[in-house]
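Heads up: the protein sequence lines correspond to chains A and B, in order. The opening residue of the first sequence carries number 1 in my numbering; numbering runs sequentially from there. The opening residue of the second sequence carries number 148 in my numbering; numbering runs sequentially from there.
Number of protein chains: 2
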Amino acid sequence: MSLIFSKSCEYALQAILYLARQPQGEPALLREISDSLNIPHHFLNKVLQTLTRDEIVASFKGSNGGFALGRSPKEITLSDIVRAVDGESFLDHCVLGFPACGDKNPCPVHPQWKRAKVVIQDMIHRKTLFELSKELDPKLELLQQPK
Amino acid sequence: MSLIFSKSCEYALQAILYLARQPQGEPALLREISDSLNIPHHFLNKVLQTLTRDEIVASFKGSNGGFALGRSPKEITLSDIVRAVDGESFLDHCVLGFPACGDKNPCPVHPQWKRAKVVIQDMIHRKTLFELSKELDPKLELLQQPK
DNA sequence: CGATAAAAAGACCTAATTGTCTGAATTATA
DNA sequence: TATAATTCAGACAATTAGGTCTTTTTATCG
């Protein structure tokens, strides 16, 4: 199998979109997020710890605690999350795995892969969480996953 | 970490390009391929067995044996190899991992991911091994990887 | 202050991927 | 027919990713 982002990263991206919809100042409970998105909660916990260390999300302990965005949704892009969880190394990696491949010494699919990377970069860079979560607004079903 | 193709698949793709450059009717030795590409030879063996079962490569046992393409390089595309080794399931998979995501119910990056997929599909579909290996011709260094 | 509710941390388990090893089966050729 | 060269097959080891569990720490409320 092959995926673009790891499972951890997918979970992180889903969770950040969930948090983006949360009313300002009201942290969401781990349990609430993991139940809604149908993610194993201990695992999500670890993922959110990573994002917390990177200050992309803020955590509050104790009762009335929970998780919230660490800064304004206008200042967060998906690439922040991808970088924190997976790194972006796959974007530097020859798609055929030739270590010597590069602009000077391109593999046979180098130009096409380069085009694809631009699209992917754009996908995770261009829009902020603010914009993305507005688009998500009419499609809440995505965040409410069937068990 | 995240990769588009698995390591096995990268090895398979490299090996098939190696075989495409082989003079017609002269099978290449496993050892020769793995040494040249700097791939663990037992591992490459397994990968080539997979391709052999799919008749993308042909194997010849005994002395003077080795591996060769299973059919004309004009009838092989990289997607044949990807499908045989990794499957192409990642192309059906929502990049954010939302199970309900689809054209009817798109996630916030669905259109961009769709564009990226078209480019990737094109990358592994459009050109045949025949064309690709011609492009590779002046760049033999890619196939001769430093230890 | 004490009880409680929450996240943090880290140990631990499981499954998949990657890589290694050994021994067979097959074949050409001397 | 013996031998050497080769692939085939499967067991096994190491590493990494994915997932679970338990304990510790911290904040809040009564």
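Glycine included, C-beta positions come from ideal geometry on N, C-alpha and C. No experiment lies behind these values; they were computed from the predicted model shown.
DSSP state of residue i, grouped into three classes?
| i | result |
| --- | --- |
| S6/A | coil |
| A68/A | strand |
| F277/B | helix |
| F98/A | coil |
| S150/A | With chain A running from 1 to 147 in the structure shown, residue 150/A is simply not present. |
Just tell me which of the options has its CA closest to the CA of residue i.
| i | options | result |
| --- | --- | --- |
| D269/B | L287/B, L238/B, L243/B, P246/B | L238/B |
| K114/A | V95/A, G62/A, L19/A | V95/A |
| S2/A | L160/B, G234/B, R200/B | G234/B |
| F98/A | S155/B, L166/B, D182/B, Q161/B | Q161/B |
| N252/B | Q24/A, V57/A, L142/A, F60/A | L142/A |
| S183/B | F207/B, R218/B, I163/B, E202/B | I163/B |
| R230/B | I203/B, L176/B, R178/B | I203/B |
| T77/A | P23/A, A116/A, S133/A | S133/A |
| K61/A | S79/A, D137/A, I33/A, A28/A | A28/A |
| D137/A | P255/B, A263/B, Q291/B | P255/B |
| N211/B | K264/B, G172/B, S181/B | G172/B |
| T275/B | V266/B, N185/B, I228/B | I228/B |
| V85/A | N38/A, A58/A, R53/A, R21/A | R53/A |
Do residue i and residue j have their CB atoms nearer than 8 Å?
| i | j | result |
| --- | --- | --- |
| F130/A | K46/A | no |
| Y158/B | L191/B | yes |
| L177/B | F214/B | yes |
| L287/B | L216/B | no |
| I120/A | A263/B | yes |
| I124/A | S59/A | no |
Going along chain A in order, which residues have a C-beta closer than 8 Å to the C-beta of residue i?
| i | result |
| --- | --- |
| H240/B | L3 |
| V266/B | Q112, R115, A116, V119 |
| D269/B | Q112 |
Would you mind telling me which residues of chain B sit closer than 7 Å to residue i, beta carbon to beta carbon, in chain order?
| i | result |
| --- | --- |
| E10/A | L243, G244 |
Hey, does residue i have any beta-carbon neighbour from chain B nearer than 8 Å?
| i | result |
| --- | --- |
| E135/A | yes |
| D86/A | yes |
For chain A, find out if any of its Cβ atoms is closer than 8 Å to the Cβ of residue i; answer yes or no.
| i | result |
| --- | --- |
| L160/B | yes |
List, in chain order, every chain B residue whose beta-carbon is nearer than 8 Å to that of residue i.
| i | result |
| --- | --- |
| L142/A | F245, A247, C248, N252, C254 |
| L132/A | P255, V256 |
Cβ closer than 9 Å: which chain A residues qualify as neighbours of residue i?
| i | result |
| --- | --- |
| F237/B | M1, S2, L3, I4 |
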